[in-house]
Amino acid sequence: MLMLSLFFVFSQIHCAVRFMDILKFY
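Basically this note's numbering = 1-based index in the sequence shown + 2.
Encoded structure:
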(Lines of atoms letter the chains of each structure in order from A and count residues from 1; the text may use other names and numbers.)
(Lines give C-alpha, C1' and ligand atoms only; values in the text may rest on other atoms or scores of the structure.)
Protein backbone atom coordinates (compact mmCIF):
# COMPACT_ATOMS: atom_id res chain seq x y z
CA MET A 1 0.00 0.00 0.00
CA LEU A 2 2.73 2.46 1.00
CA MET A 3 4.78 1.62 -2.10
CA LEU A 4 1.75 2.18 -4.32
CA SER A 5 1.05 5.61 -2.83
CA LEU A 6 4.73 6.57 -3.10
CA PHE A 7 4.76 5.48 -6.74
CA PHE A 8 1.64 7.56 -7.42
CA VAL A 9 3.15 10.66 -5.80
CA PHE A 10 6.41 10.13 -7.69
CA SER A 11 4.57 9.84 -11.03
CA GLN A 12 2.61 13.01 -10.23
CA ILE A 13 5.82 14.94 -9.45
CA HIS A 14 7.48 13.54 -12.58
CA CYS A 15 4.53 14.73 -14.70
CA ALA A 16 4.67 18.20 -13.11
CA VAL A 17 8.43 18.46 -13.70
CA ARG A 18 8.07 17.45 -17.35
CA PHE A 19 5.22 19.95 -17.78
CA MET A 20 7.34 22.74 -16.30
CA ASP A 21 10.24 21.71 -18.53
CA ILE A 22 7.99 22.01 -21.60
CA LEU A 23 6.81 25.46 -20.47
CA LYS A 24 10.41 26.57 -19.88
CA PHE A 25 11.45 25.22 -23.29
CA TYR A 26 8.83 27.27 -25.15
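Glycine included, each C-beta is placed from N, C-alpha and C at the ideal position.
- Taking C-alpha positions only, ILE15 is separated from MET3 by approximately 19 Å.
- Excluding the 5 residues flanking it on each side, CYS17 has no same chain C-beta neighbour closer than 7 Å.
- Rounded to whole angstroms, the gap between the alpha carbons of VAL11 and ASP23 is 18 Å.
- Straight across, the Cα-Cα distance linking PHE27 with LEU8 is about 28 Å.
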